[in-house]
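*Asks:* Quick one: structure below, then a few questions.
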Amino acid sequence: MGWECFFVKYLEAESDHMIQSGDFPTSLIMADCNYLKRTNDTLGHEYGDLLLQRTARK
C-alpha cells in the first residue's frame, strides 16, 4: 500500500472514530519539505523517511 493510500485510509478511520465518539482531539498539520525529492534521489528514500520522521518530532 502506498503512502498516499495509507494516509487517506488513516484519515477516514480517524474521521469515522471522531464522529462516532463525539470526541474531536485530532489535529492535522500539512508541511512542505523543500528539496525532499532531491534528498530521496540523492541519499535514498530511507534517509528521506528518516528526515520526515525527525522533522515531525520537532
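Counting from 1, position 47 in the sequence shown corresponds to residue 47 in our numbering; the numbering is continuous, with no gaps.
Yeah, the Cβ is synthetic: ideal placement off N, Cα and C, and Gly gets one too.
Check whether the Cβ atoms of M30 and F24 lie closer than 8 Å to each other.
*Replies:* Stepping through the sequence shown from its first residue, residue 30 is reached at position 30. Stepping through the sequence shown from its first residue, residue 24 is reached at position 24. Their beta carbons are not under 8 Å apart, which means M30 does not touch F24 by this criterion.
*Asks:* Could you give the DSSP three-state label for K59: helix, strand or coil?
*Replies:* No answer is possible for residue 59: it lies beyond the span of the chain, which begins at 1 and ends at 58.
*Asks:* Please list the terminal residues of the continuous alpha helix (DSSP H) segment that includes L43.
*Replies:* The sequence position of residue 43 within the sequence shown is 43, counting from 1. 36-43 is the extent of the alpha helix (DSSP H) around L43.
*Asks:* Rounded to a whole number of angstroms, what is the C-alpha to C-alpha distance between D16 and G2?
*Replies:* For the purposes of this step, residue 16 is identified with residue 16 of the sequence shown, where counting begins at 1. For the purposes of this step, residue 2 is identified with residue 2 of the sequence shown, where counting begins at 1. C-alpha separation (whole angstroms): 21 Å.
*Asks:* To the nearest angstrom, how far is it from the Cα of G22 to the Cα of E4?
*Replies:* Along the sequence shown, one-based indexing puts residue 22 at 22. Along the sequence shown, one-based indexing puts residue 4 at 4. Looking at the two C-alpha atoms, the distance is approximately 27 Å.
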